[in-house]
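Sequence lines, in order, name chains A and B.
Position 92, counted from 1, in the first sequence is what the numbering used here calls 92; the numbers after and before it change by one each time, with no gaps.
Residues are numbered in the numbering used here as their position in the second sequence, beginning at 1, plus a constant of 1000.
Take a look at the structure below.
2 protein chains.
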Amino acid sequence: MHDVEGALRAIRRGTEEILVEAELIEKLKLGRPLRVKAGFDPTAPDLHLGHTVLINKLRVFQEMGHEVIFLIGDFTGMIGDPTGKSATRKPLTREQVIENARSYEEQIFKILDPAKTRVEFNSRWMNELDSGEMIKLASRYTVARMLERDDFSKRYGSQQPIAIHEFLYPLVQGYDSVVLEADVEIGGTDQKFNLLVGRELQRQYGQSQQVVMTVPILEGLDGVQKMSKSLGNYIGVSEPPNDMFGKLMSISDMLMWRYFDLLSFRTVEEVTRLKQQVEDGRNPRDVKFELGVEMVDRFHGAGAGLAARDAFVERFQKGQLPDEIETVKLSSQDENGIPLAVALKEAGLVASTSEAYRMIQQGGVRVDGERIDDRGLKLCMGASVIAQVGKRRIARLEIV
Amino acid sequence: MHDVEGALRAIRRGTEEILVEAELIEKLKLGRPLRVKAGFDPTAPDLHLGHTVLINKLRVFQEMGHEVIFLIGDFTGMIGDPTGKSATRKPLTREQVIENARSYEEQIFKILDPAKTRVEFNSRWMNELDSGEMIKLASRYTVARMLERDDFSKRYGSQQPIAIHEFLYPLVQGYDSVVLEADVEIGGTDQKFNLLVGRELQRQYGQSQQVVMTVPILEGLDGVQKMSKSLGNYIGVSEPPNDMFGKLMSISDMLMWRYFDLLSFRTVEEVTRLKQQVEDGRNPRDVKFELGVEMVDRFHGAGAGLAARDAFVERFQKGQLPDEIETVKLSSQDENGIPLAVALKEAGLVASTSEAYRMIQQGGVRVDGERIDDRGLKLCMGASVIAQVGKRRIARLEIV
């Protein structure tokens, strides 16, 4: 724990910003376990790899012997959206919160060590706070400074309403840091303002201020937009091994290195060596295999990665797919997806939907290597599959 | 109670604004006692005539059989100024609040009927509110609308800090109206925004909205600035009869009519008759006597007014003061006031302070008709006295 330089190197990797690094160094030198806090929304326990960037960073601290505080913001979750404008922010019941917390634990403990992770709910202290104390908390920050927050200033500038309680939520989040006496708080770059409120409140409460660390937002499978469930470009941490592996194989070589940086537990040195190998002529697909194996192992246990790789190779490589497969993006008008026959026609793999139906009937259509006999099959939004008609008509179909 | 026209006439008198008058008419037609709310700061129970403009209006409702709710905002008073920036807004203890409430009652029950007045403390319900409910309350109003309040928009515009809890106080005041199901709320013109917040919250809580009434700010003895203790131009409701009477005699004839409108319980018809009498040649001073007698009677009991008038006449008129007395304004550098000798010299009644001391020693100096023998006497800030040196050197000295 006293190798501060080594610790810093690991902490800095893939980190967007550290405020203030000099303070972090001082804290690392204390020689005691630091309290490293990260806050999570109690409503969405369905994690994807994008969320794990932050959790991986918590793991780095944990491996150095520090205490990770996984904070579930259930207090605000149980209030919901009091303006009633958002149907998705209905108040959660205590039972839902507990169930969601269990689901969180199931997912995060694939990355974090349960023995070194403290799971907290901020309702524990927030429910004790009366309205007078809430008012005092609100007195600790000014309207002008709150309006400096990016989304607030944009909404205020464009005359979109901001309800006053929205000004209280960053203060609640900051107060959590006061109660927990957090040494470090980690969040996405979009959380930077709120994390800094925690710093400010700790100062006002006479505490040593937490170091604020932001991690980047992970790009989704398309390599452009942020990984997100609603964009369909995500890999869920609970997805079956073959799906997870297959999706990882679909990313570009450039994105692969980004994923190595943000998702792999390989050391910086190991990743550098892999890059060198590719420069020296190694097939990038084989390196992508290594990433896929690591990820599947992480979420499905040791051995699951190799099995997924073998299944992938079995399905695709033994089928002697060409090295270059054209990708065709199809947009689905229907939220239930697009019928396979229609997709084949639109991608130009068949001349008409009738030909598609005939080919399916004859057993001449494969999707991801598997023969299709259901002529009503639909390809869902977000699907990315390799479709074959006969031997030679092949394309990757992406439903967007 | 069903003479709605007559009721309206009395309610409108000296009222600045009624929002919305049509709703008030509807409420008056209900035939049940209306709940008429007015809120008071728990820190300043030392009332002057300026405060009584509002209390008089409450009395008008009370005389019509409505229920007056005298609301003491002790919840916020017990929080004080949480930013700690204002030394004058220290948190009040429960004991202080109760003591202040008693002092309030002593003063307001000279105007209101105790049997028809409900005294409430908003801590009763606000202390029950937890932070979650406070957040929900805060969700009911937007930042933009709150920033429309005059003082907020000025401060925001000139980059003066507004602490976020200041946005919560108008909501607390509005919530009081919800809890009390107020039909009418009366306040000073400076309270209009807050009173309207109450209307809005009642709407959101599905209640019939309170009618908002504002009463004007009473001018002080100078006839220009608002009556205020700190400006020294006030008449306290607990001032001794002779002081109260003397101060009222010092106001201008124009201000006298304003005071008749806002302070006298005489009917509009009676006041009109008095005006006519003056136009017909009656000495305005005699009419001012009637105002003085009414006011002193109100705060010191029937008969006290005439006694004060007689004492006044005894002291001044029998001393054959000239009709026109020059007023000299002196500014006091020292908060303890200005030595009488210095004041006499600055007003030109003596040539030097040594002459002043000599005249005092010889018994030739009178203040408000009384011989002065203390050469160290000081005239306090806000004092307005008639000083005489010998028989002919006379001036009214106002210490500002």
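We put the CB at the ideal spot given by N, CA and C, even for glycine.
Note that the coordinates shown come from a computational prediction; the quantities given were computed from them, not determined experimentally.
So which residues of chain B does A:VAL97 contact, with C-beta pairs closer than 8 Å? As a position in the first sequence, residue 97 of chain A is number 97, starting the count at 1. Those within 8 Å of A:VAL97 in chain B number zero; the least Cβ separation is about 14 Å.
Name the DSSP bridge partner or partners of B:ASP1130? The sequence position of residue 1130 of chain B within the second sequence is 130, counting from 1. According to the DSSP secondary-structure assignment, B:ASP1130 is paired through a beta bridge with A:ASP130.
Rounded to the nearest angstrom, what separates A:ARG298 and B:LEU1180 at their Cα positions? Walking along the first sequence from the start, residue 298 of chain A turns up at place 298. Walking along the second sequence from the start, residue 1180 of chain B turns up at place 180. Distance between the alpha carbons of A:ARG298 and B:LEU1180: 60 Å.
Own chain, CB closer than 6 Å to A:GLY174, minus 5 neighbours either side, in chain order: Counted from its first residue, the first sequence places residue 174 of chain A at position 174. Cβ neighbours of A:GLY174 beyond the five flanking positions: VAL197, GLY198 and LEU201.
Residues from the stretch 126-143 of chain A in contact with chain B, defined by Cβ distance under 9 Å: For chain B, the residues of the stretch 126-143 of chain A that bring a beta carbon within less than 9 Å of one of its beta carbons are MET126, ASN127, GLU128, LEU129, ASP130, SER131, GLY132, GLU133, MET134, ILE135, LYS136, LEU137, ALA138, SER139, ARG140, TYR141, THR142 and VAL143, in chain order.
When the cut-off is 8 Å and only beta carbons count, does A:TYR156 lie next to chain B? Stepping through the first sequence from its first residue, residue 156 of chain A is reached at position 156. It does; some Cβ of chain B falls within 8 Å.
Give me the chain A residues within the contact set of B:PRO1042, using Cβ-Cβ distance strictly less than 8 Å, ordered along the chain. Along the second sequence, one-based indexing puts residue 1042 of chain B at 42. Those do not exist, as B:PRO1042 stays about 14 Å from chain A at its closest Cβ, beyond 8 Å.
Taking DSSP as the reference, what is the three-state secondary structure of A:HIS51? For the purposes of this step, residue 51 of chain A is identified with residue 51 of the first sequence, where counting begins at 1. DSSP places A:HIS51 in helix when its eight states are reduced to three.
Please decide whether B:ILE1072 counts as near chain A, where near means a Cβ-Cβ distance under 8 Å. Locating residue 1072 of chain B in the second sequence gives position 72, where the first residue counts as 1. With 8 Å as the cut-off, B:ILE1072 does not count as an interface residue toward chain A.
Are the stretch 152-159 of chain A and the stretch 64-81 of chain A touching, with three or more C-beta to C-beta distances below 8 Å? no
Looking at the structure shown, is B:PRO1033 part of a helix, part of a strand, or coil, going by DSSP? For the purposes of this step, residue 1033 of chain B is taken as residue 33 along the second sequence, with counting starting at 1. Coil at B:PRO1033, not helix or strand.
So, at 6 Å on beta carbons, what are the nonlocal neighbours of B:GLY1232 in its own chain, with the 5 sequence-adjacent residues on each side left out? Numbered from 1 along the second sequence, position 232 holds the residue referred to as residue 1232 of chain B. Taken in chain order, the residues that qualify are MET1381 and GLY1382.
State the DSSP-derived secondary structure class of B:THR1076, mapped to helix, strand or coil. In the second sequence, residue 1076 of chain B corresponds to position 76, counting from 1. Reduced to three states, the DSSP call for B:THR1076 is helix.
Leaving out five residues before and five after A:PRO241 in sequence, what residues of the same chain have Cβ atoms less than 6 Å from its Cβ? Position 241 of the first sequence, counting from 1, holds the residue named residue 241 of chain A. The beta carbon of A:PRO241 lies closer than 6 Å to those of VAL296, HIS300, ALA304 and ALA308 in the same chain, with the five residues before and after it left out.
With a CB to CB cut of under 8 Å and the five nearest residues on each side skipped, what residues in its chain are close to A:GLN277? As a working note, residue 277 of chain A is residue 277 in the first sequence. VAL287, listed in sequence order.
Close beta carbons around A:ASP222, own chain, < 6 Å, minus the five adjacent residues each side: Reading the first sequence from its first residue, position 222 is the one you call residue 222 of chain A. For A:ASP222, where only same-chain residues beyond five positions count, the Cβ hits under 6 Å are ASN233.
Helix, strand or coil: how does DSSP classify B:GLU1017 here? The residue given as residue 1017 of chain B occupies position 17 in the second sequence. Looking at B:GLU1017 - three-state DSSP - the assignment turns out to be strand.
For B:VAL1385, the first and last residue of its enclosing beta strand (DSSP E): The count along the second sequence starts at 1 and reaches residue 1385 of chain B at position 385. Where B:VAL1385 is concerned, the enclosing beta strand (DSSP E) stretches over 1384-1389.
Relative to the C-alpha of B:GLY1077, which candidate in B:LEU1112, B:LYS1110, B:ASN1122 and B:SER1103 has its C-alpha closest? Locating residue 1077 of chain B in the second sequence gives position 77, counting from the first residue. Comparing Cα-Cα distances from B:GLY1077 to each of B:LEU1112, B:LYS1110, B:ASN1122 and B:SER1103, the minimum goes to B:ASN1122.
For B:PRO1479, go through chain A and note every residue whose CB falls closer than 7 Å to its CB, in chain order. Because chain B spans 1001 through 1400 in this model, residue 1479 of chain B falls outside it and cannot be assessed.
Near A:PRO339, what residues of its chain come up, given a Cβ to Cβ distance below 6 Å and the 5 sequence neighbours on each side ignored? As a working note, residue 339 of chain A is residue 339 in the first sequence. Correct list, in chain order: LYS378.
Would the beta-carbon of B:PRO1045 be found less than 7 Å away from any heavy atom of the ligand ZN? With respect to the ligand ZN, the structure shown offers nothing to examine, as it has no ligands at all.
Select from A:LEU344, A:LEU54, A:PHE40 and A:PHE75 the residue whose C-alpha is nearest the C-alpha of A:GLU376. Working through the first sequence from its first residue, we reach residue 376 of chain A at position 376. Checking the sequence shown, residue 376 of chain A turns out to be Gly, not Glu. The shortest Cα separation from A:GLY376 among A:LEU344, A:LEU54, A:PHE40 and A:PHE75 belongs to A:LEU344.
Nearest neighbour of A:GLN210, chosen from A:ALA10, A:VAL400, A:LEU28 and A:ILE394 [CA to CA]: If you number the first sequence from 1, residue 210 of chain A lands on position 210. If we check each option's Cα against that of A:GLN210, A:LEU28 comes out closest.
Tell me whether A:THR327 is buried or exposed, calling it buried when 16 or more other Cβ atoms sit within 10 Å of its Cβ. To locate residue 327 of chain A, count along the first sequence from 1; it is residue 327. Classification of A:THR327: exposed, given that the 10 Å Cβ count is below 16.
State the Cα-Cα distance for the pair B:SER1208 and B:GLU1021, rounded to the nearest angstrom. Translated into the one-based positions of the second sequence, residue 1208 of chain B becomes position 208. Translated into the one-based positions of the second sequence, residue 1021 of chain B becomes position 21. Taking the straight line from one Cα to the other gives about 14 Å.
If we count the other Cβ atoms within 10 Å of its Cβ and call it buried at 16 or more, is B:VAL1365 buried or exposed? Counting from 1 along the second sequence, the entry for residue 1365 of chain B is found at position 365. Result: buried.
Residue interval of the alpha helix (DSSP H) (run including B:PHE1316): In the second sequence, residue 1316 of chain B corresponds to position 316, counting from 1. No alpha helix (DSSP H) holds B:PHE1316; DSSP gives it neither H nor E.
Own chain residues within Cβ distance below 8 Å of B:PRO1033, not counting five before or after: For the purposes of this step, residue 1033 of chain B is identified with residue 33 of the second sequence, where counting begins at 1. For B:PRO1033, where only same-chain residues beyond five positions count, the Cβ hits under 8 Å are GLY1065, HIS1066 and GLU1067.
Which residues DSSP lists as bridging B:LEU1397, in chain order: Looking up residue 1397 of chain B in the second sequence gives position 397. Per DSSP, B:VAL1328 and B:VAL1385.
Would you decide whether B:PRO1114 is buried or exposed? Buried here means 16 or more other CB atoms lie within 10 Å of its CB. The residue you call residue 1114 of chain B lines up with position 114 of the second sequence. Its Cβ having fewer than 16 others within 10 Å, B:PRO1114 is exposed.
Should B:LEU1168 be flagged as near chain A, meaning a C-beta pair shorter than 8 Å? Along the second sequence, one-based indexing puts residue 1168 of chain B at 168. B:LEU1168 counts as touching chain A.
A:ASP368 and A:ARG315: beta carbons closer than 8 Å? What you label residue 368 of chain A is simply residue 368 of the first sequence in a count that begins at 1. What you label residue 315 of chain A is simply residue 315 of the first sequence in a count that begins at 1. Yes. Within cutoff.
How should A:ARG118 be labelled, buried or exposed, when 16 other C-beta atoms within 10 angstroms of its C-beta is the threshold for buried? The residue you call residue 118 of chain A lines up with position 118 of the first sequence. Answer is exposed; the Cβ neighbour count stays below 16.
Helix, strand or coil at B:MET1001 according to DSSP, with G and I counted as helix: The residue you call residue 1001 of chain B lines up with position 1 of the second sequence. Because B:MET1001 sits at a pLDDT of 47, beneath the cut-off of 50, its placement in the model cannot be relied upon, and the following sentence gives the value as read from the coordinates. Correct three-state label for B:MET1001: coil.
Please list the partners that B:MET1146 has in chain A, where partner means a Cβ-to-Cβ separation under 9 Å. Mapped onto the second sequence, residue 1146 of chain B falls at position 146. What B:MET1146 touches in chain A: VAL143 and ILE164.
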